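Numbering (the working numbering), first residue to last: 795 to 1206.
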């Protein structure tokens, strides 16, 4: 199968377009000059206009020089337009080049330069009429060349101004399209980044709790070589059950993420959200506490909140994740230390959460072996969670304990 030839680079295409643009303009100027020259030659042959052979030679030479100057009009539009307009005093063949130079000058709409060239253009036409008078027309009046020159020049300026306005309009449309394309790309990138952050937060929430239990008990087995066989078996069973639960939850998350979700809010068309897996709420707090107690962590729960069953699902889900991550954080940094969870609040006042653990563990110091290394994402993620629902979160040491406290809005 033949391999298609690659396209030319954009720079080469642009250069070729510029060259072709100059070539066709020179060709148009040459054809226009030849037509005008043929018309004047016909008048001379009929005896209506006086032109010597020497002037014809000069006319032809100036016409060639004018075609050579024409490509320079982009660098020096005023100079080229002045020279070519002045050259029309002795050459009819250069008129085509002068016309294109005037139109090109008018596209820039610098009116003072257009006016200066206009004076030269009109006077040059009048001088040409004086040097090559029409002798066969008794009604010929040289000032008619001035009037005709003004009309022709005004038409050329109008054409040039129109071309300039159209170019600016097209450039504006291209710029808008490029800006819209950049904004679209930025929105796509932002939507993807937000979705990646959401998926990463989901993975962290699902695995951090289970894996911290696995790491802590596996560390205990490595550190406490004097444990009796039944205690080793019990700890190994806890490690196995939590590892199996973590693997099951990971499979659930990956399975859900493979499905097609709905569109991401404020994202461009085509960007879809990975579907949400079922999220636990504060109603599942007892199960979370039971898991922690089964792993050997002493947990005290104080639920003071009233009408907790009326808590909105979104707030309840975030509250559960905050408590879960705070307990995981306590288990990482103070394994075997008791943890106290306080849930307070009511509709209209908001939901208050507090998770407290002693800074120094009161049990065996297994942190160097069993505790997983901190990722630095947990507490930052908790702050983001609280802010997502309009709440706030704070954490730090106070009175010999590390406290994570949060407030979440709870509408009446």
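The beta carbon of each residue, even a glycine, is placed where N, CA and C say it ideally should be.
All of these numbers come straight from a predicted model, not from anything done at the bench.
Per the DSSP calculation, residue i is bridged to which residue(s)?
i	result
residue 1140	1144
residue 1150	1134 and 1197
residue 1189	1198
Residues in the same chain with beta-carbon distance under 6 Å from residue i, minus the five sequence neighbours each way, listed in chain order, please.
i	result
residue 1186	1180 and 1201
residue 891	823, 860, 861, 864 and 878
residue 1076	1110, 1113 and 1114
residue 1188	1199
residue 816	865
residue 1037	1008
residue 1177	1187
residue 1093	1083, 1086, 1087 and 1133
residue 1095	1083 and 1135
residue 976	none
residue 1170	Reliability of the predicted coordinates at residue 1170 is poor, the pLDDT of 48 falling under 50, and the value obtained from them is presented with this limitation in mind. For residue 1170, where only same-chain residues beyond five positions count, there are no Cβ hits under 6 Å.
Report buried or exposed for residue i, applying the criterion of at least 16 other Cβ atoms within 10 angstroms of its Cβ.
i	result
residue 1085	buried
residue 971	exposed
residue 1119	buried
residue 939	buried
residue 1088	exposed
residue 954	buried
residue 941	exposed
residue 1025	exposed
residue 1101	exposed
residue 871	buried
residue 1137	buried
residue 1030	exposed
residue 819	buried
residue 945	exposed
residue 809	exposed
residue 979	exposed
residue 1033	buried
residue 1012	buried
residue 1149	buried
residue 1080	exposed
residue 1117	buried
residue 1105	buried
residue 1209	What the structure shows of the chain is the stretch from 795 to 1206, and residue 1209 is not part of that stretch, so it cannot be assessed.
residue 813	exposed
residue 968	exposed
residue 1229	Past the edges of the chain, shown from 795 to 1206, lies residue 1229, and the structure says nothing about it.
residue 908	buried
residue 1184	exposed
residue 1042	exposed
residue 882	buried
residue 973	exposed
In chain order, what residues of the same chain lie with their CB nearer than 8 Å to the CB of residue i, ignoring the 5 residues before and after it?
i	result
residue 884	849, 852, 853, 856, 922 and 925
residue 1155	Reliability of the predicted coordinates at residue 1155 is poor, the pLDDT of 44 falling under 50, and no value is obtained from them.
residue 868	898
residue 880	914 and 918
residue 901	954, 955, 957, 958 and 961
residue 920	936, 937, 939, 940 and 943
residue 1153	1128, 1191, 1194, 1195 and 1196
residue 785	With the chain covering only 795 through 1206, there is no way to say anything about residue 785.
residue 947	896, 912, 915 and 916
residue 825	890
Beta-carbon of residue i versus every beta-carbon of chain D: anything under 7 Å?
i	result
residue 962	Absent from the structure: chain D. Only one protein chain is present.
Which residues in the same chain as residue i place their Cβ atom closer than 7 Å to its Cβ, once the five residues preceding and following it in sequence are excluded?
i	result
residue 866	874
residue 1139	1099, 1145, 1146 and 1204
residue 1212	Since the first and last residues shown for the chain are 795 and 1206, residue 1212 lies out of range.
residue 903	955 and 958
residue 811	none
residue 1061	Caution applies to residue 1061, whose pLDDT of 46 falls short of 50 and renders its modelled position unreliable; the value that the coordinates give is listed next. If we look at residue 1061 and ignore the five residues flanking it on each side, its Cβ neighbours are 981 and 985.
residue 1078	1114
residue 1206	1141 and 1142
* alpha helix (DSSP H) runs wholly inside the region 1082-1138, at least 4 long, in chain order -> 1107-1127
* Sufficient close CB pairs (3 or more, under 8 Å) joining the region 849-861 to the region 819-834 -> yes
* Below 8 Å, can you find three or more Cβ-Cβ pairs linking the region 862-875 to the region 902-921? -> yes
* Check whether the region 1100-1115 touches the region 1137-1151, counting contact only when three or more Cβ pairs, one atom from each stretch, lie closer than 8 Å. => yes
* Entirely within the region 868-946 and at least 4 residues each: give me those alpha helix (DSSP H) ranges in chain order. => 871-881, 889-901 and 905-925
* Asked: Whole beta strand (DSSP E) runs in the region 944-989 with 3 or more residues, listed along the chain?
  -> none
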